[in-house]
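Input: a single structure, listed below in structure tokens.
Residue numbers (this note's numbering): 1 to 129.
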């Protein structure tokens with residue numbers, strides 16, 4: 001009887017852990033996916049949050065574009081997201097923006113600024129990044 005009871009208690013604990021993980025929230029879900037190397041779902045989560053104005057998600061999308069995690073590596077697209085997050089006060093994004101800008105040619109930088117302006121003008125509704 002003790003073994004059966006331990007099994008039931010273990011099942012309840014496991015179910016509680018699974019339920020807690022499922023209700024953790026989009027940020028936690030995105031980070032969990034990213035940390036296990038499952039980048040495509042992470043991009044989807046962060047992109048949805050970024051479109052709603054979440055500066056942390058915007059900054060993290062910039063990181064993913066800079067590293068090529070789940071997306072094609074692109075300094076210009078990283079710039080777009082870092083710029084948006086920096087405009088919302090994210091200090092890490094400000095640092096990342098400065099660093100990525102230093103690696104870009106003047107032409108790439110001009111294109112990235114144009115991309116950012118286009119996205120901002122549509123309130124990120126028509127943004128392909």
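By construction, the Cβ of each residue, glycine as well, lies at the ideal position given by its N, Cα and C atoms.
With residue 35 as the anchor, note down where its alpha helix (DSSP H) starts and where it stops.
Mapped onto the chain shown, residue 35 falls at position 35. Segment 26-35, the alpha helix (DSSP H) holding residue 35.
May I have a chain-ordered list of the alpha helix (DSSP H) segments no shorter than 4 residues that lie completely inside the segment 51-93?
55-67 and 75-87
Can you give the Cα-Cα distance for residue 66 and residue 28, rounded to whole angstroms?
Here residue 66 is taken as the residue at index 66 of the chain shown, counted from 1. Here residue 28 is taken as the residue at index 28 of the chain shown, counted from 1. Whole-angstrom Cα-Cα distance: 21 Å.
Beta-carbon gap between residue 79 and residue 112 smaller than 8 Å
Translated into the one-based positions of the chain shown, residue 79 becomes position 79. Translated into the one-based positions of the chain shown, residue 112 becomes position 112. Going by C-beta atoms, residue 79 is nearer than 8 Å to residue 112.
Near residue 103, which residues of its chain fall below 8 Å by C-beta distance, leaving aside the five closest residues on each side in sequence?
Along the chain shown, one-based indexing puts residue 103 at 103. Excluding residues within five positions, the ones whose Cβ falls inside 8 Å are 75.
How would you call residue 96, buried or exposed, if buried means at least 16 neighbouring beta carbons within 10 angstroms?
The count along the chain shown starts at 1 and reaches residue 96 at position 96. So residue 96 counts as buried.
Residue range of the alpha helix (DSSP H) that residue 104 falls in?
Start at 1 with the first residue of the chain shown, and residue 104 comes out as number 104. Premise fails: residue 104 is in no alpha helix (DSSP H) and is neither H nor E.
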